[in-house]
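Student:
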Ligand code: GAP
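In our numbering, the protein residues as written are 1 to 466.
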């Protein structure tokens with residue numbers, strides 16, 4: 001059950017190897033292997049003090065974009081455990097499976113659709129097991145949903161599933177939302193939450209895990225308007241990654257699904273892909289789901305789920321455009337994209353002086369501002385402590401008085417803190433401080449009273465350097 005210990009040195013054009021990102025995440029309290037004291041549990045990870053802030057900031061940024069900025073999008077938080085009929089109606093019981101093959105000799109299990117890629121990676125031409133050359137079984141379908149029992153008696157009637165997508169919580173509440181909030185089509189319902197899939201291939205850190213989080217929005221439209229809405233959301237979602245999360249545009253692209261790639265519910269689908277150190281892969285799926293889900297839930301619950309249009313009194317089952325982003329996968333993208341090892345000079349022994357920087361957008365950085373007294377003595381620590389206390393209410397802050405100031409700046413660069421405020425002897429004379437910028441390492445002098453407004457101003461106008 002241990003974590004995959006194989007070296008993963010694949011790196012992107014800025015040298016972000018997955019191994020470096022995994023080790024930085026661990027050493028700086030972003031992400032730890034789950035249940036590590038017992039040797040870890042593969043494909044599960046825990047978010048540490050800084051990781052949970054980063055994840056929450058990304059979630060808040062998404063919520064603000066989708067729910068706060070759109071007057072016709074409402075929020076929801078449905079239960080993870082749902083009535084088991086949900087998953088019959090949604091098609092997941094019959095269709096949500098991967099084709100699996102086992103090696104008869106070493107017992108390693110593979111997804112048949114990934115064998116070609118694994119063989120290519122290893123430079124193997126024949127059709128035997130890529131691990132040991134043994135004979136492989138025929139492919140069989142393996143359902144990805146986790147099951148558990150509800151109630152004290154283990155009988156088939158109490159079998160339930162852990163949801164494999166958050167979307168169904170929105171579909172089964174469609175009528176509740178319409179009846180209680182007086183929204184008119186087109187409108188959307190947004191939700192963030194955990195989803196679970198018994199994934200067979202789980203490598204590359206938090207990219208594909210058995211327990212993960214999604215940020216999904218179902219946009220309900222009148223049949224016939226779905227293609228226009230699909231194009232609208234396709235553009236909006238790409239813009240969000242670039243403008244709000246600060247992801248490099250050249251590392252993002254669309255991938256249109258061919259007929260063999262489409263999920264069982266989708267008429268048309270496009271992925272937003274990111275260029276990870278291990279290649280181009282999905283970050284978000286945008287799907288035109290027709291009336292598939294609402295119609296099927298109507299059939300399975302015995303009462304059609306439809307919508308009465310007050311404009312023309314027509315009654316119809318709405319069509320759905322879905323935007324489905326991975327929250328935990330977005331954390332990975334943000335980390336990979338922000339990671340930079342920059343040579344900024346030479347050490348005394350002639351070796352390159354390299355600083356590690358996470359160029360997080362200030363809106364999502366786990367710590368927004370560090371307050372540092374140049375030295376602890378002569379009252380500087382007290383002044384810095386007071387500044388930090390005053391900033392706490394509005395910003396995530398960090399106070400540190402230990403060690404040389406240069407080393408403290410480097411520690412802040414490593415966790416992606418965009419701004420450092422330094423208190424020195426001049427502060428005592430004129431109540432001014434140094435404001436240091438992470439990306440450029442530029443330093444300016446500003447009055448203590450001007451710090452909050454200046455931080456807000458710099459965050460609003462942030463443009464990544466490097
Ligand atoms: N409701 C539609 C749906 O779930 P999906 O393409 O299967 O569509 C959407 O998943 C997003 O959820 C993916 O683009 C990815 O970001 C995230 N995701 C899916 N499976 C994941 C896993 N095993 N680990 C981490 N993230 C995952």
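Heads up, the beta-carbon is just placed ideally off N, CA and C, and yes, glycines get one too. Bear in mind that the values here come from a model prediction, so they are computed numbers and not experimental data.
Which residues does DSSP list as the beta-bridge partners of residue 436?
Tutor: If you number the chain shown from 1, residue 436 lands on position 436. According to DSSP, residue 436 bridges with 420 and 443.
Student: Would you kindly work out how many angstroms separate the C-alpha atoms of residue 527 and residue 327, rounded to a whole number?
Tutor: Any property of residue 527 remains undetermined from this structure, which presents the chain solely from 1 to 466.
Student: Would you list the residues sitting across from residue 253 in a DSSP beta bridge?
Tutor: If you number the chain shown from 1, residue 253 lands on position 253. 273, per the DSSP bridge assignment.
Student: Any chance you could list the beta strand (DSSP E) runs of at least 3 consecutive residues sitting entirely within the region 50 to 78, in chain order?
Tutor: Listed in chain order, the complete beta strand (DSSP E) runs (minimum 3 residues) inside the region 50 to 78 are 73 to 75.
Student: Curious, which full-length alpha helix (DSSP H) runs of at least 4 residues does the region 349 to 393 contain?
Tutor: Complete alpha helix (DSSP H) runs here, min 4: 380 to 392.
Student: Sorted by chain position, which residues of the same chain lie with C-beta nearer than 7 Å to residue 285's C-beta, five sequence neighbours on each side aside?
Tutor: For the purposes of this step, residue 285 is taken as residue 285 along the chain shown, with counting starting at 1. So the qualifying residues of the chain are 269, 271 and 324.
Student: Considering only residues of the same chain and omitting the five flanking positions on each side of residue 330, which have a CB-CB separation below 6 Å?
Tutor: Walking along the chain shown from the start, residue 330 turns up at place 330. Cβ neighbours of residue 330 beyond the five flanking positions: 58.
Student: Tell me, please, whether the region 331 to 341 touches the region 385 to 396 by the rule of three or more beta-carbon pairs shorter than 8 Å.
Tutor: Taking 8 Å as the limit for Cβ pairs, the verdict is that the region 385 to 396 does not touch the region 331 to 341.
Student: Spell out a yes or no on whether the region 39 to 53 and the region 125 to 133 are touching, meaning 3 or more CB-CB pairs, one atom from each, closer than 8 Å.
Tutor: No, because fewer than three Cβ pairs between the region 39 to 53 and the region 125 to 133 fall closer than 8 Å, the two stretches do not touch.
Student: Roughly how many angstroms lie between the CA atoms of residue 197 and residue 218, to the nearest whole one?
Tutor: By 1-based counting over the chain shown, the position of residue 197 is 197. By 1-based counting over the chain shown, the position of residue 218 is 218. Roughly 21 Å between the two C-alpha positions.
Student: Using only alpha-carbon positions, find the residue among 315, 76, 379 and 102 that is nearest to residue 200.
Tutor: Position 200 of the chain shown, counting from 1, holds the residue named residue 200. Of the listed residues, the one whose Cα sits closest to residue 200 is 102.
Student: Does the Cβ of residue 342 lie closer than 7 Å to at least one heavy atom of ligand 1?
Tutor: The residue labelled residue 342 in the question sits at position 342 within the chain shown. Residue 342: no, Cβ never under 7 Å from ligand 1.
Student: Of all the options 343, 313 and 358, which has the alpha carbon lying nearest to the alpha carbon of residue 351?
Tutor: Taking the chain shown and counting its residues from 1, one reaches residue 351 at position 351. Comparing Cα positions, the closest option is 343.
Student: Does the Cβ of residue 324 lie closer than 7 Å to at least one heavy atom of ligand 1?
Tutor: Mapped onto the chain shown, residue 324 falls at position 324. True, at least one ligand heavy atom lies under 7 Å from that Cβ.
Student: Once you ignore the five residues that flank residue 186 on each side, which residues in its own chain have a CB closer than 6 Å to its CB?
Tutor: Counted from its first residue, the chain shown places residue 186 at position 186. Same-chain partners within the cutoff: 221.
Student: Does any heavy atom of ligand 1 sit closer than 7 Å to the C-beta of residue 214?
Tutor: In the chain shown, the residue the question calls residue 214 occupies position 214. It does: the Cβ of residue 214 is within 7 Å (strictly closer) of some heavy atom of ligand 1.
Student: Which class does residue 32 belong to by DSSP, given the choice of helix, strand or coil?
Tutor: Reading the chain shown from its first residue, position 32 is the one you call residue 32. Three-state DSSP puts residue 32 in a strand.
Student: Can you tell me which residues form a DSSP beta bridge with residue 190?
Tutor: As a position in the chain shown, residue 190 is number 190, starting the count at 1. In DSSP, residue 190 forms a bridge with 75 and 217.
Student: Pop quiz: residue 459 and residue 362 are said to be a contact at Cβ under 8 Å. What is the actual Cβ separation, rounded to whole angstroms?
Tutor: Your numbering for residue 459 matches position 459 in the chain shown. Your numbering for residue 362 matches position 362 in the chain shown. Going by Cβ atoms, the distance from residue 459 to residue 362 rounds to 4 Å, so yes, they are a contact pair.
Student: Given this structure, state the Cα-to-Cα distance separating residue 17 from residue 309, to the nearest angstrom.
Tutor: Stepping through the chain shown from its first residue, residue 17 is reached at position 17. Stepping through the chain shown from its first residue, residue 309 is reached at position 309. Rounded to the nearest angstrom, the two C-alpha atoms are 53 Å apart.
Student: Could you tell me if residue 159 is buried or exposed, where buried requires 16 or more neighbouring beta carbons within 10 angstroms of its beta carbon?
Tutor: In the chain shown, counting from the first residue as 1, residue 159 sits at position 159. Residue 159 should be labelled exposed.
Student: Closest to residue 72 by C-alpha separation, out of 294, 365 and 181, would be which residue?
Tutor: Residue 72 sits at position 72 when you count from the first residue of the chain shown. When only C-alpha atoms are compared, the closest one is 181.
Student: Within the region 80 to 108, note down every full beta strand (DSSP E) run reaching 3 residues or more, in order along the chain.
Tutor: Entirely contained in the region 80 to 108, the beta strand (DSSP E) runs reaching 3 residues are, in chain order, 97 to 102.
Student: Just tell me which of 82, 35 and 315 has its CA closest to the CA of residue 146.
Tutor: Position 146 of the chain shown, counted from the first residue, corresponds to residue 146. For residue 146, the nearest C-alpha among the options comes from 82.
Student: Between residue 283 and ligand 1, is there a pair consisting of the residue's CB and a ligand heavy atom that are separated by less than 7 Å?
Tutor: By 1-based counting over the chain shown, the position of residue 283 is 283. Residue 283: yes, Cβ under 7 Å from ligand 1.
Student: Could you pull the start and end residues of the alpha helix (DSSP H) that residue 27 belongs to?
Tutor: The residue you call residue 27 lines up with position 27 of the chain shown. Residues 18 to 27.
Student: Please classify residue 368: is it buried, with 16 or more other beta-carbons within 10 angstroms of its beta-carbon, or exposed?
Tutor: Position 368 of the chain shown holds residue 368. So residue 368 ends up on the buried side.
Student: Just checking: is the beta-carbon of residue 181 within a distance shorter than 8 Å of some beta-carbon in chain D?
Tutor: The chain labelled as chain D is not found in the depicted structure, where only one protein chain is given.
Student: Where do the N-terminal and C-terminal ends of the beta strand (DSSP E) with residue 342 fall, by residue?
Tutor: Reading the chain shown from its first residue, position 342 is the one you call residue 342. Here the beta strand (DSSP E) through residue 342 covers 339 to 346.
Student: Excluding the five sequence neighbours on either side, which residues of its own chain have a C-beta within less than 7 Å of the C-beta of residue 3, listed in chain order?
Tutor: Locating residue 3 in the chain shown gives position 3, counting from the first residue. Here the model assigns residue 3 a pLDDT of 37, short of 50, so the residue's position is not dependable, and the following value carries that caveat. Excluding sequence neighbours, residue 3 sits near 33, 40 and 42.
Student: According to the neighbour-count rule (16 or more other Cβ atoms, all chains shown, within 10 Å of its Cβ), is residue 12 buried or exposed?
Tutor: On the chain shown, residue 12 is found 12 positions in, with the first residue counted as 1. Caution applies to residue 12, whose pLDDT of 45 falls short of 50 and renders its modelled position unreliable; the value that the coordinates give is listed next. Label assigned to residue 12: buried.
Student: In terms of residues, what are the limits of the alpha helix (DSSP H) holding residue 183?
Tutor: By one-based count along the chain shown, residue 183 stands at place 183. No alpha helix (DSSP H) contains residue 183, which DSSP labels as neither H nor E.
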